[in-house]
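I have placed the structure first, in the form of structure tokens, so that the comments after it can refer back to it.
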RNA sequence: GGCACCGUGGCCGAGUGGCUAGGCAGAGCUCUGCAAAAGCUUGUACAGCGGUUCGAAUCCGCUCGGUGCCU
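Residue numbers (this note's numbering): 175 to 478.
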């Protein structure tokens, strides 16, 4: 018997991934899993464009709004959860849809990450403090000493990468790079990847319009309620971080909204860069109808 | 009509004879556990024409455009 099929739907923010994924799932009679590093937080709704109930149209959704901004949650956790969930779902269905804008998350499910031991929070905190007190140069020197191989390939200006690698090094006593590039176990499913496309001008217009709609829908109130938690990583999110200055009387609402639009466009641009260099198997226009012809085009005849 | 000041890359803005300011926007890129994050790269541009000079965004003249004042 052939392996079950995971269909991934990617594309820049605001292109209409949710709508497409839902109609695809309806047609296939299957579930939808979200691969989104922000929509997973139940406190973030309007600003992350979480699909509302009517949009879900009775299609079961998973990995959506199931975490709190106070939880520690990362790609590794996501990969684990998604694989467990898929194992369960595939016992009853032969197909599932994974949709979301966090390309690294999708990639983790499809290709897998290397396995790293847990790093105690206090270890990474130590390196964060070292960055504060001793500077980036110190972290670079330490990594050159502890893991020259990774030092040679990593972006040494990026303190986030430096801290992660150093944390693994000191927590395990072996170089970070020694965990990289291991043989990965094969996935118990096959993947069909889809990227939704649209002209950039049109996408930017949609982004701008969506931000206005979010404001009308009450984004400001949502963000106001989260103001006490603005330091949390989960709130370093487009649509939230830009509104804090307004709520604190530091900037005009208009300027903050302009910032949200700009940062959303930039986010989309980064997603496009990723997708350009990690091409999906199928590029299709955002408004493509989900019908038998499309399923054939995607090599999904068996599900018609 | 006269006089004065000004005209630097999409925008802001430094630079007063040789040594490609800088910022913002845009574009391109990187990506293995906080990824809607974090980081990197990127335009010899000086209104036009002519002149002075070894050399001009910088000096001179004219033209065009803008601003202010005067009649």
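Idealized CB from N, CA, C, for every residue including glycine.
Please go through the same chain and pick out, in chain order, the residues whose beta-carbon is closer than 7 angstroms to the beta-carbon of residue i, but skip the five residues on each side of it.
i: residue 339; result: 317, 321, 324, 328, 350
i: residue 439; result: 378, 381
i: residue 427; result: 420
Taking 8 angstroms as the threshold (C-beta atoms), are residue j and residue i in contact?
i: residue 297; j: residue 256; result: no
i: residue 282; j: residue 334; result: no
i: residue 242; j: residue 216; result: yes
i: residue 272; j: residue 207; result: yes
i: residue 388; j: residue 460; result: no
i: residue 233; j: residue 196; result: yes
i: residue 370; j: residue 219; result: no
i: residue 221; j: residue 253; result: no
Would residue i be called buried (16 or more neighbouring beta carbons within 10 Å of its own) or exposed?
i: residue 451; result: exposed
i: residue 476; result: exposed
i: residue 332; result: exposed
i: residue 311; result: exposed
i: residue 228; result: exposed
i: residue 307; result: exposed
How is residue i classed by DSSP in three states: helix, strand or coil?
i: residue 239; result: coil
i: residue 215; result: strand
i: residue 208; result: strand
i: residue 220; result: helix
i: residue 179; result: strand
i: residue 452; result: coil
i: residue 412; result: coil
i: residue 426; result: coil
Below 8 angstroms CB to CB, which residues in the same chain sit around residue i once its five sequence neighbours on both sides are set aside?
i: residue 240; result: 214, 216
i: residue 366; result: 179, 180, 181, 182, 455, 456, 472, 473, 474
i: residue 313; result: 301, 304, 305, 333, 336, 337, 340
Within a Cβ cutoff of 6 angstroms, which residues of the same chain sit near residue i, ignoring the five residues on either side of it in sequence?
i: residue 397; result: 414, 417
i: residue 401; result: 421
Handout entry: Inside the segment 344-409 only - beta strand (DSSP E) runs reaching at least 3 residues
Key = 364-371
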